[in-house]
Amino acid sequence: MEKFYLTKNLFSTVVYNAIRKVGNANFHVFMALWIAILLVSSCKPSHEQAANVFADTVLFEILKAQDSRNTNDLLPFLASENVLYRKQAALAFASVQDSAALEKLYNLVSTETDSIVCAAAAYAIGQTKAKSSEDFLMAQIETKTNKFVQTYLLEALGKSGTIKGLDFVSNPENIVKIANNEGVAKCIYRYMLQGTSNKQSVVSMLTMLESESGYAAKLFAAHYFSRNRTADLTEHTDRLIKIIENEKNEHVRMALVQSLSFAKSEKVFKFLKQLIETTGTDYRTVVNALSAIAFQTEFEPESVLLNVLNHANVNVGIRAAELLSTKGQAKFAENALDVIQQNKLNYRVKALLFKFYVKNSESPSEINQKIIEEYNASTENYYKAALLSALGECVLNYEFIASELISASPFVIKTAAADAFAAIRANTKFMNKIQQQTDIETKFNDYVKVAFNLHDMAVTGILAGMLRQPEFNYKEVFKDFSFLQTALDACKLPRDIETYNELLKTINYFKGVETPANMPNVANNPLDKALIQSISSKAKVEITTDKGIIIIQLFVNESPGSVSNFVRLINEGFFVESRIHRVVPNFVAQDGCPRGDGWGSPEYSIRSEFG
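For the record, in the sequence shown the residue sitting at position 177 is 1190 according to my numbering, with numbers rising by one throughout.
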């Protein structure tokens, strides 16, 4: 089994999940990793056996057509006598997502005898998200007896259908008839994500959670409730709490706890408080319980949040501090300052508490000065960036922030300064300030022009978004907006695609014309056939961090473009000196950015691969 050994490296959400599975490593945001690449082993096995499926040149041709989004080249393979080619072509259309292929995919679902190929075609239909597929999918769900295929058909309906399809699937008699809890749960969940729901689907999902419906069905049902912002779950409070108390699987349980955000009552508040304060509760469940209890505003959840800021697991403290900074009542700001003064806190928790206090202080000058002193004394750029975010809550700090935006060298500081600068402009107190002192608005706008001349992709992208907010009236302020076109011309594509799209929207806003869709992600990074064919389907990456080792599996057969790109970047030393630049507890870890702020990119883009 091949392994790629890295240090000072980073990966994406999979890294966060891997750390959670490894055990008790404290996963600090912006975690520093060791510096050198130790070894990249030969990708190709020493024996003659093919490393992966792409030794088959026909499969590689299908991959090329998928990567270039070439429907015409892919369609003939759907009728191939080779079952593997039919499957690969069907899966390719899950990425291409061209409605022109739907009739051929319908035919494949209707006539295919191989269940894997049939399921792949159903998946591709769902990925295309065409409402016209609804009747076909409903008919196939009723006639297909293979549960594996039927599950994919049901999920495809959830991605493509209208309320008619949801009424059909959530009907209790049809649920019994279909007899596929996993498929029904996935279908209803997908409907919810596209904003379609009904009362019966809520009841059906609750019933699944109360019955022996299987792990997959329960997991999707739990996430249905945790992400469903349209359903008022208050009337189902007792059932939800009982389900949570009886649930043994932590993945299901933590999602259900999050769902209590949408069920507001004293009983819910007390239940969540007890869950948070009980020793031994899984920290992931505690994090979600904090998120839920923050919505119980009638019962002053701030007291609970303040008590866990120095929790043994840093993720708990970070989440509590985040919630205080965004949702906390002003009267608790002094308590937050007391916590800062009396405890040695994780720097991110500390910065968020500063932010909470500055946001709610009536006399912020003294605390502003203290934060600026901490900022100047610190050598940790990510802490300095977090402190800038805190300073961005007070309009008095706009000149200091502008100075850092313009003069600071580290990208992460410059980007944080731009975010804080834009936050000040959106602050209602700033509007009051410029009415009292008109020269402040003039100074602020002069800084905006200077910032655009930096031609920094993050600064430009952030401030471009600020300029098109109608309430700021920048159309009148900048009658001559040629500086925006200059910034657009300076973008290097595809590297600066996000900045380019932000600028284009703002320029069109100034012109008063309709903004086109974002520039498409065109093929600009040709597949490396030799590299793809050399990577073992069993290859793993081992990443050594200052918190432990992370091992991730490379699925080259399923995502050859993404995997080969990752391996190539390892070989080129792209990740050396990189940082995990963003971690949101229970959500995501982001990394791989050469700038360290989430705005960086190689000189090319890669295509999405769905499977």
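Here a beta-carbon is modelled for each residue, glycine too, at the ideal position from N, C-alpha and C.
ask   = Which whole-angstrom value is the C-beta distance of Ser1304 and Leu1336, which I expect to be below 8 angstroms?
value = The residue labelled residue 1304 in the question sits at position 291 within the sequence shown. The residue labelled residue 1336 in the question sits at position 323 within the sequence shown. Sure, about 7 angstroms apart at Cβ, within 8 angstroms.
Reference Met1267, options Tyr1296, Glu1116, Val1281 and Lys1280, closest by Cα = Numbered from its first residue, the sequence shown carries residue 1267 at position 254. The shortest C-alpha separation from Met1267 is found at Tyr1296.
message = Starting from Glu1555, trace the beta strand (DSSP E) in both directions and tell me its first and last residue.
response = Indexing the sequence shown from 1 puts residue 1555 at position 542. First-last of the beta strand (DSSP E) with Glu1555: Lys1553 to Thr1558.
request  = Below 7 angstroms CB to CB, which residues in the same chain sit around Ala1429 once its five sequence neighbours on both sides are set aside?
outcome  = By 1-based counting over the sequence shown, the position of residue 1429 is 416. Excluding positions up to five away in sequence, the list reads Ala1398, Leu1401 and Ser1402.
inquiry  = With three or more C-beta pairs closer than 8 angstroms as the rule, is the region 1511–1519 touching the region 1549–1556?
reply    = no
request  = Assign Ile1548 to one of three DSSP states: helix, strand, or coil.
outcome  = As a working note, residue 1548 is residue 535 in the sequence shown. Ile1548 falls in the coil class under three-state DSSP.
ask   = Exposed or buried, Thr1298, counting other C-beta atoms within 10 Å across all chains shown (16 or more means buried)?
value = The sequence position of residue 1298 within the sequence shown is 285, counting from 1. Result: buried.
request  = Return the CA-CA distance between Arg1082 and Gly1613, expressed in angstroms with no decimal places.
outcome  = Along the sequence shown, one-based indexing puts residue 1082 at 69. Along the sequence shown, one-based indexing puts residue 1613 at 600. Cα to Cα, the separation comes out at about 26 angstroms.
request  = May I ask you to verify whether the region 1557–1564 touches the region 1060–1076, counting CB pairs closer than 8 angstroms and requiring at least 3?
outcome  = no
query = Looking only at its own chain, which residues have a Cβ that is under 7 angstroms from the Cβ of Lys1462, when we skip the five neighbours before and after it?
reply = The residue labelled residue 1462 in the question sits at position 449 within the sequence shown. These residues qualify, in order along the chain: Phe1496.
request  = With DSSP collapsed to three states, give me the class of Leu1046.
outcome  = The residue given as residue 1046 occupies position 33 in the sequence shown. Confidence in Leu1046 is poor, its pLDDT being 35 and thus under 50, which makes the residue's placement too unreliable to answer from.
query = Can you give the Cα-Cα distance for Phe1284 and Glu1168, rounded to whole angstroms?
reply = Taking the sequence shown and counting its residues from 1, one reaches residue 1284 at position 271. Taking the sequence shown and counting its residues from 1, one reaches residue 1168 at position 155. Cα to Cα, the separation comes out at about 34 angstroms.
query = Who are the Cβ neighbours of Ser979 in its own chain at under 8 angstroms, not counting the five residues just before and after it?
reply = Residue 979 lies beyond the residue range present for the chain, which begins at 1014 and ends at 1624; the question has no answer from this structure.
query = When the cut-off is 9 angstroms and only beta carbons count, does Val1300 lie next to chain C?
reply = Among the chains in the structure shown there is no chain C, since it carries only a single protein chain.
Beta-carbon proximity list for Met1044, same chain, < 7 angstroms, skipping 5 on both sides = The residue given as residue 1044 occupies position 31 in the sequence shown. Legend: pLDDT at Met1044 = 32, less than 50; position of this residue unreliable, no value from coordinates given.
request  = State the DSSP-derived secondary structure class of Val1425, mapped to helix, strand or coil.
outcome  = Reading the sequence shown from its first residue, position 412 is the one you call residue 1425. Helix at Val1425.
Per-residue burial, Ala1364 [other beta carbons within 10 Å of its own, 16 or more giving buried] = In the sequence shown, the residue the question calls residue 1364 occupies position 351. So Ala1364 ends up on the buried side.
key: 8 angstroms contact criterion, which Gly1227 and Tyr1202 should meet: CB distance rounded   = Mapped onto the sequence shown, residue 1227 falls at position 214. Mapped onto the sequence shown, residue 1202 falls at position 189. Contact doesn't hold; Cβ gap of about 14 angstroms is too wide.
inquiry  = Cutting at 7 angstroms between CB atoms, please list the residues of its own chain near Lys1142, excluding the five before and the five after it.
reply    = Looking up residue 1142 in the sequence shown gives position 129. So the list reads Lys1172 and Ser1173, once near-sequence residues are dropped.
Phe1367 versus Asp1069, Glu1406, Lys1280 and Lys1344, residue with shortest Cα-Cα distance = By 1-based counting over the sequence shown, the position of residue 1367 is 354. The residue with the shortest Cα to Cα distance from Phe1367 is Glu1406.
ask   = Does DSSP put Ala1602 in a helix, in a strand, or in coil?
value = Taking the first residue of the sequence shown as position 1, residue 1602 is located at position 589. Strand at Ala1602.
query = Should Gly1293 be labelled buried (16 or more other beta-carbon atoms within 10 Å of its own) or exposed?
reply = Taking the sequence shown and counting its residues from 1, one reaches residue 1293 at position 280. Result: exposed.
query = Can you tell me whether DSSP reads Arg1242 as helix, strand or coil?
reply = On the sequence shown, position 229 is the one that residue 1242 refers to. In this structure, Arg1242 counts as coil in the three-state DSSP scheme.
key: Assigned exposure category for Leu1118 - 16 Cβ within 10 Å defines buried   = The residue you call residue 1118 lines up with position 105 of the sequence shown. Leu1118 should be labelled buried.
ask   = Count the other CB atoms within 10 Å of the CB of Pro1377; is the residue buried (16 or more) or exposed (fewer)?
value = Numbered from its first residue, the sequence shown carries residue 1377 at position 364. Answer is buried; the Cβ neighbour count reaches 16.
query = Where does Val1216 fall in DSSP's three states?
reply = Looking up residue 1216 in the sequence shown gives position 203. Helix, per DSSP.
key: Ile1176 classed as buried or exposed, judged by whether at least 16 other C-beta atoms fall within 10 angstroms   = As a first step, residue 1176 is located in the sequence shown; it is residue number 163 there, counting from the start. With fewer than 16 other Cβ atoms within 10 Å, it is exposed.
ask   = Nearest-angstrom Cα distance between Val1265 and Asp1493?
value = The residue given as residue 1265 occupies position 252 in the sequence shown. The residue given as residue 1493 occupies position 480 in the sequence shown. So the two alpha carbons sit approximately 55 angstroms from each other.
Thr1441 burial status per 10 Å Cβ neighbour count (16 or more: buried) = Here residue 1441 corresponds to residue number 428 of the sequence shown, with the count starting at 1. With fewer than 16 Cβ atoms within 10 Å of its Cβ, Thr1441 is classed as exposed.
key: Residue from Thr1291, His1249 and Glu1290 with nearest C-alpha to Ser1272   = As a working mapping, residue 1272 is identified with position 259 in the sequence shown. The shortest Cα separation from Ser1272 among Thr1291, His1249 and Glu1290 belongs to His1249.
ask   = Going straight from the alpha carbon of Leu1219 to that of Glu1195, what length do you get?
value = Indexing the sequence shown from 1 puts residue 1219 at position 206. Indexing the sequence shown from 1 puts residue 1195 at position 182. Answer to the nearest angstrom: the Cα atoms are 14 angstroms apart.
query = Under three-state DSSP, which class holds Gly1561?
reply = In the sequence shown, counting from the first residue as 1, residue 1561 sits at position 548. Gly1561 falls in the strand class under three-state DSSP.
ask   = Between which two residues does the alpha helix (DSSP H) harbouring Val1299 extend?
value = Looking up residue 1299 in the sequence shown gives position 286. Per DSSP, Val1299 belongs to the alpha helix (DSSP H) from Tyr1296 to Ile1306.
ask   = From Ile1453, Lys1456, Ala1068 and Phe1485, pick the residue whose C-alpha is nearest to that of Ala1439; which is it?
value = If you number the sequence shown from 1, residue 1439 lands on position 426. Ranking Ile1453, Lys1456, Ala1068 and Phe1485 by Cα distance to Ala1439 puts Phe1485 first.
task = Can you give me the start and stop residues for the beta strand (DSSP E) that Arg1595 sits inside?
result = Residue numbering aside, residue 1595 sits at position 582 when the sequence shown is read from its first letter. Its beta strand (DSSP E) spans residues Arg1595 to Val1597.
key: Extent of the continuous alpha helix (DSSP H) run through Phe1369   = As a working mapping, residue 1369 is identified with position 356 in the sequence shown. Phe1369 -> alpha helix (DSSP H) spans Tyr1360 to Asn1373.
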